[in-house]
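*Asks:*
Number of protein chains: 2
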Amino acid sequence: MTIQTPLSELRFSSEGDSPSIDAAFIAVEVARLLAENRADVVSEFLESQELADIAALIEELERGDDLTVLRLLPLHDQAEMLGYLRPSSQVEIATRIPRRELVALMTAMSHDERADLFKQLDEEAQEAILPAFAKAEREDLRRLAAYEEWTVGSVMTSDYATLKPDMTSTSAIDALRTQAIEAETIYYAYIIDEERALLGVVSLRDLLIARPRQRVSEIMDTEPVWVRADEEQEAAAKTIARYDLLALPVLDNNDRLVGIVTADDAMDVTEEEATEDFYKGSIVQPIEMSLAEATIATLYRARIFWLVLLVFGNIFSGAGIAYFEDTIAAHLALLFFLPLLIASGGNAGTQSATLMVRALATGDVRPADFGRLLSRETVIALALGLTMAVAVSLIGVWRGGPEIALVVALAMVTIVLMGALIGMCLPFIFAKLDRDPAAASGPLVTSIADVLGVLIYFTIAAQLLGL
Amino acid sequence: MTIQTPLSELRFSSEGDSPSIDAAFIAVEVARLLAENRADVVSEFLESQELADIAALIEELERGDDLTVLRLLPLHDQAEMLGYLRPSSQVEIATRIPRRELVALMTAMSHDERADLFKQLDEEAQEAILPAFAKAEREDLRRLAAYEEWTVGSVMTSDYATLKPDMTSTSAIDALRTQAIEAETIYYAYIIDEERALLGVVSLRDLLIARPRQRVSEIMDTEPVWVRADEEQEAAAKTIARYDLLALPVLDNNDRLVGIVTADDAMDVTEEEATEDFYKGSIVQPIEMSLAEATIATLYRARIFWLVLLVFGNIFSGAGIAYFEDTIAAHLALLFFLPLLIASGGNAGTQSATLMVRALATGDVRPADFGRLLSRETVIALALGLTMAVAVSLIGVWRGGPEIALVVALAMVTIVLMGALIGMCLPFIFAKLDRDPAAASGPLVTSIADVLGVLIYFTIAAQLLGL
Chain A
1 MTIQTPLSEL RFSSEGDSPS IDAAFIAVEV ARLLAENRAD VVSEFLESQE LADIAALIEE
61 LERGDDLTVL RLLPLHDQAE MLGYLRPSSQ VEIATRIPRR ELVALMTAMS HDERADLFKQ
121 LDEEAQEAIL PAFAKAERED LRRLAAYEEW TVGSVMTSDY ATLKPDMTST SAIDALRTQA
181 IEAETIYYAY IIDEERALLG VVSLRDLLIA RPRQRVSEIM DTEPVWVRAD EEQEAAAKTI
241 ARYDLLALPV LDNNDRLVGI VTADDAMDVT EEEATEDFYK GSIVQPIEMS LAEATIATLY
301 RARIFWLVLL VFGNIFSGAG IAYFEDTIAA HLALLFFLPL LIASGGNAGT QSATLMVRAL
361 ATGDVRPADF GRLLSRETVI ALALGLTMAV AVSLIGVWRG GPEIALVVAL AMVTIVLMGA
421 LIGMCLPFIF AKLDRDPAAA SGPLVTSIAD VLGVLIYFTI AAQLLGL
Chain B
1001 MTIQTPLSEL RFSSEGDSPS IDAAFIAVEV ARLLAENRAD VVSEFLESQE LADIAALIEE
1061 LERGDDLTVL RLLPLHDQAE MLGYLRPSSQ VEIATRIPRR ELVALMTAMS HDERADLFKQ
1121 LDEEAQEAIL PAFAKAERED LRRLAAYEEW TVGSVMTSDY ATLKPDMTST SAIDALRTQA
1181 IEAETIYYAY IIDEERALLG VVSLRDLLIA RPRQRVSEIM DTEPVWVRAD EEQEAAAKTI
1241 ARYDLLALPV LDNNDRLVGI VTADDAMDVT EEEATEDFYK GSIVQPIEMS LAEATIATLY
1301 RARIFWLVLL VFGNIFSGAG IAYFEDTIAA HLALLFFLPL LIASGGNAGT QSATLMVRAL
1361 ATGDVRPADF GRLLSRETVI ALALGLTMAV AVSLIGVWRG GPEIALVVAL AMVTIVLMGA
1421 LIGMCLPFIF AKLDRDPAAA SGPLVTSIAD VLGVLIYFTI AAQLLGL
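Order-wise, the sequence lines are chains A and B.
So the first sequence is numbered by this note's numbering: it starts at 1 and just counts up by one.
So the second sequence is numbered by this note's numbering: it starts at 1001 and just counts up by one.
1. Taking only the alpha-carbon atoms, compute the straight-line gap between R177(A) and E231(A) and give it to the nearest angstrom.
2. Output, in sequence order along the chain, the residues in the region 1031 to 1056 of chain B whose CB is closer than 7 Å to any CB in chain A.
3. For the beta strand (DSSP E) containing P1249(B), name the first residue and the last one.
4. Cβ of G1466(B) less than 7 Å from any chain A Cβ?
5. Taking Cβ to Cβ, would you say A1229(B) is nearer than 7 Å to V1250(B)?
6. For A1449(B) versus V1407(B), is the C-beta spacing smaller than 7 Å?
7. Is the beta carbon of Q214(A) sitting closer than 7 Å to the one on S169(A)?
8. Which value, in whole angstroms, describes the spacing of the CA atoms of L382(A) and A1115(B)?
9. Buried or exposed: F1312(B), going by 16 or more other Cβ atoms within 10 Å of its Cβ?
10. Any beta carbon from chain A within less than 7 Å of T1387(B)'s own beta carbon?
11. Just checking: is the beta-carbon of Q1351(B) within a distance shorter than 7 Å of some beta-carbon in chain A?
12. Please return the same chain residues whose Cβ sits closer than 8 Å to the Cβ of D1436(B), not counting the five positions on each side in sequence.
13. Does any C-beta atom of chain A lie closer than 7 Å to the C-beta of A1310(B)?
14. Going by Cα to Cα distance, which pick from A1136(B), F1133(B), D1166(B) and L1338(B) is closest to E1218(B)?
15. Rounded C-beta distance between L1386(B) and Y1457(B)? I'm assuming under 8 Å.
16. Are the region 187 to 207 of chain A and the region 240 to 254 of chain A touching, with three or more C-beta to C-beta distances below 8 Å?
17. Helix, strand or coil: how does DSSP classify Y188(A) here?
18. Check each candidate in L1061(B), Y1243(B) and S1110(B) and name the one with the smallest Cα separation from I1093(B).
19. At a cut of 8 Å, does the region 1096 to 1109 of chain B reach the region 1067 to 1079 of chain B through at least three beta carbon pairs?
20. Taking the CB atoms as reference points, tell me whether L144(A) and R196(A) lie closer together than 7 Å.
21. What did DSSP end up calling R256(A) once you bin it into helix, strand or coil?
22. Assign S110(A) to one of three DSSP states: helix, strand, or coil.
23. Answer with yes or no whether the minimum CB distance from S393(A) to chain B is below 7 Å.
24. Could you check whether the Cβ of A1461(B) sits closer than 7 Å to any Cβ belonging to chain A?
25. How would you label S48(A), buried or exposed, when you count the other beta carbons within 10 angstroms and need 16 or more for buried?
26. Drop a sphere of 10 angstroms on the beta-carbon of F1305(B), count the other beta-carbons inside from all chains shown, and report buried for 16 or more, exposed for fewer.
27. When the Cα of A1055(B) is compared with those of V1028(B), L1360(B), E1377(B) and Q1090(B), which residue comes out closest?
28. Please classify R205(A) as buried or exposed, where buried requires at least 16 other C-beta atoms within 10 Å of its C-beta.
29. Does the distance from the CB of M424(A) to the CB of S344(A) come in under 7 Å?
30. Compare the C-beta of N347(A) with all C-beta atoms of chain B and state if any pair is closer than 7 Å.
31. Would M267(A) and M1267(B) qualify as a contact pair, given that the criterion is a beta-carbon distance under 7 Å?
32. So L1360(B) is in the alpha helix (DSSP H); what residue range does that whole segment cover?
33. Quick check on G1318(B) - is its C-beta less than 7 Å from some C-beta in chain A?
34. Using 8 Å as the Cβ pair cut-off and three pairs as the minimum, do the region 324 to 337 of chain A and the region 1313 to 1322 of chain B touch?
35. Could you give the residue range of the beta strand (DSSP E) that holds V202(A)?
36. Taking its Cβ as the centre, do 16 or more other Cβ atoms sit within 10 Å of K1238(B), making it buried, or is it exposed?
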């Protein structure tokens, strides 16, 4: 006997990190109800749910059931819910519903989301549906889909609310009321002239506070913040965060208003960038899908490149050691300190690189600060190196006598200084060459510091121990 | 002769990453005008500027000038601008203005920002100003300031808009109009009963679309998403991002509405967490200030801990090498492969740890998935190890003959497998022990893999080369 929980008692918990668990659980129950022809119970359940949660549920349902649940929603909710699905799921559903239904659905979607979906479809599917759209929709789709992946244009939407400058605040609010169903947001409205030049921005809040007969032109902000459509999308996200905006107007190169970026889309951009940044400093190539979904082959490919590449760096270290074989053979005690010295150079370098990459990324430090930072880094690295030298020279005396201790201490100061300066300079050089400073962190710094560490250590040893 | 740019021609550029450069540049001009008693010119300039930019300008001005510029703004703008200043600058200004002026200013600030400022003041200053506030303000300050740093309560604000369920949509809009000056947002309004229990949420958009005589109770969402005040602030940020909200209601443990978290504050939380995550996987302790501002002593302290700690890990590796001195003395060719083998174990481990930490953080993978992931990781690690073994065994034949090549190849497979499994298991173990999995990445994995790598390599060598 299985105990069945009535659907009405199930809820997506807003707590915890895995609403997908709830979704999978609820999906089983929904599938059972659909099999029993009790779509009405499901329909009632959906009414009290958030669209983001319904999207999670649809992701978990079997083919067929997902379309049934989709169609239980009113058209407008279907369109909005679709935007919460993963891109691959959107395409998967789009290819399974009749063309006419898909066009109606996409017409009701917000303009940025339908353009994103359109871009994901293959060329054949694009050409099949495009003629079925109304002319305005067709042109809007073409225009938005034309922007490149990384641009502001690719994340903006064209369904913004507009007002005329000579409207009174009362008639402006009425105008927004009629635009409320179509527009992505009515909390900001954009005032444009016949050429779509941006004259100003007004918030619904300011319209509400204004005297009823006051003109929009008197209330609006005539110097609003804006971005260009062909800038990097991150610029829009940063501007929205800096000025605490709900939406940001986007102008083309002829100063015409072509769209807005909303705060929630900016948040998605910020999250994407954070994931990208996370992988940038690592020795794994970014994988596009979730780790749980990735195949063995995908993971193998994401890892083998760096592993093999780093082996080559280490061959140089090995060759360095081999070059000093005679010195080592004469003083095997030197080997004890080898891992410790080499690692310290790499560690000090990684630290400098971490700090610099972060500071360059946040705009905390500019390439022009290089000189001042270099002298400060030298002082810090010497202080770190000396501290470490004192510590290891004590072990040096114990393991190999005062001569070895002196070699190890001198090597430590030199290696830490060398590592720290490499770690500091590489991100700067990358920034100067207009490459991403993050690419200069971690592995590259460690590899160079390793090789130089071996050479420094054994050169000092060979000199001082007289070989 | 110096060429002076008239202030009216200067603008903060919204482009680029460093508006602070513009601010420093404009600050020079503003200081000159103030010295010439031409505050009216400055005042006119300020009118066309965004408050976030004025805050950046005030950060750059000398003591005295900053207060002069602050006082050129209307009180409400002063209060809002203050929220854009760095916490340390806010405190700095608060301690320099008369108590009565400070209280007026803080009364006009948004509730969350004034509570944050209040918390930053020293106890003496807190006690000096508290009696000067009106009773409601005093209690609100005390309540908000009482939440711990990491909680939802510490980022929420108490100046939200409220409505009654039996209001018509028209009277609700009127009510919001009167709350518009005080409330943080009027785009969402919260419907509560006498006990402050949350009955529903309604958007201004829905109120505008509704029929004039329709009741709020018919329009509102009666099952809104919410969070608890004592949850982690990240939970609020995640919920806002998941459901694309402008604001999220916060309930106490008695289900009473105590505040809201707005989307822009959620964005700040997300950014803070990203910076924290960045440092978590690194071997630098987080520094609280900008790198450019940090003193040599601060940076020394942030780095020496990890450097010294990692030396201890490497002492074990050194001891491992020392233990096998006889094997090494008999086969010095083994040394060539030492850096390469050791590093490969650490690298494979770092890769596994990176993938796991990220997947656990995003909720992609749950501790329950351990078994399935372990067997998959074993297959991947063997594939990686075999590829690497083939590559190095060719070098092995060239450098030391077939026997050395066999030792190196066997060691490579074993070391990569060992490193990958350690890298995978440590974050899981940390997660199980309710510790942050990120603490198990990078340095810890590398240290363990290094020591084991030395032991594995020379054990295999000693066995196969018959010593």
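From the three backbone atoms N, C-alpha and C, an ideal C-beta is built for every residue, glycine too.
For clarity, every value in this text was computed on a predicted model and none was experimentally measured.
*Replies:* Let me spell this out:
1. Cα to Cα, R177(A) sits roughly 32 Å from E231(A).
2. Contacts with chain A (Cβ-Cβ distance below 7 Å) from the region 1031 to 1056 of chain B involve S1048, E1050 and A1052, listed in chain order.
3. Judged by DSSP secondary structure, P1249(B) falls within the beta strand (DSSP E) whose first and last residues are A1247 to L1251.
4. Using a CB distance cut-off of 7 Å, G1466(B) does not count as an interface residue toward chain A.
5. In contact: A1229(B) and V1250(B) (Cβ atoms closer than 7 Å).
6. The answer is no: Cβ separation not under 7 Å.
7. Here Q214(A) is near S169(A), since their CB atoms are less than 7 Å apart.
8. The straight-line gap from Cα to Cα measures roughly 43 Å.
9. Exposed.
10. Yes - at least one Cβ of chain A is within 7 Å of the one on T1387(B).
11. It does; some Cβ of chain A falls within 7 Å.
12. Excluding residues up to 5 positions away in sequence, K1280 and F1430 lie with their Cβ nearer than 8 Å to the Cβ of D1436(B) in the same chain.
13. Inspection of the sequence shows that residue 1310(B) is occupied by Leu rather than by Ala. At a cut-off of 7 Å between beta-carbon atoms, L1310(B) makes contact with chain A.
14. Of A1136(B), F1133(B), D1166(B) and L1338(B), the residue nearest in Cα terms is D1166(B).
15. Between the beta-carbon of L1386(B) and that of Y1457(B) there is about 17 Å, and that puts the pair past the 8 Å contact cut.
16. The region 187 to 207 of chain A is in contact with the region 240 to 254 of chain A.
17. Y188(A): strand per DSSP, three-state reduction.
18. With respect to the C-alpha of I1093(B), the residue from L1061(B), Y1243(B) and S1110(B) having the closest C-alpha is L1061(B).
19. For the pair of segments examined, the region 1096 to 1109 of chain B was found to touch the region 1067 to 1079 of chain B: the number of CB pairs separated by less than 8 Å reaches three.
20. In this structure, R196(A) does not lie closer than 7 Å to L144(A) by Cβ.
21. Collapsing the DSSP output to three states places R256(A) in a strand.
22. Residue state, collapsed to three classes: coil.
23. No, no contact with chain B.
24. It does not; no Cβ of chain A falls within 7 Å.
25. With fewer than 16 neighbouring CB atoms inside 10 Å of its own CB, S48(A) falls in the exposed class.
26. Under a 10 Å Cβ-count criterion, F1305(B) is classified as exposed, with fewer than 16 other Cβ atoms of the shown protein chains found around its own Cβ.
27. Comparing Cα-Cα distances from A1055(B) to each of V1028(B), L1360(B), E1377(B) and Q1090(B), the minimum goes to Q1090(B).
28. Burial state of R205(A) is buried, judged by a 10 Å Cβ sphere holding 16 or more other Cβ atoms.
29. Between M424(A) and S344(A), the C-beta spacing is not below 7 Å.
30. Under the Cβ distance rule, N347(A) counts among the residues neighbouring chain B, one pair being separated by less than 7 Å.
31. In contact: M267(A) and M1267(B) (Cβ atoms closer than 7 Å).
32. DSSP places L1360(B) inside the alpha helix (DSSP H), whose first and last residues are L1338 to T1362.
33. So, interface residue.
34. Result yes; three or more Cβ-Cβ pairs closer than 8 Å.
35. Boundaries of the beta strand (DSSP E) around V202(A): L198 to S203.
36. Result: buried.
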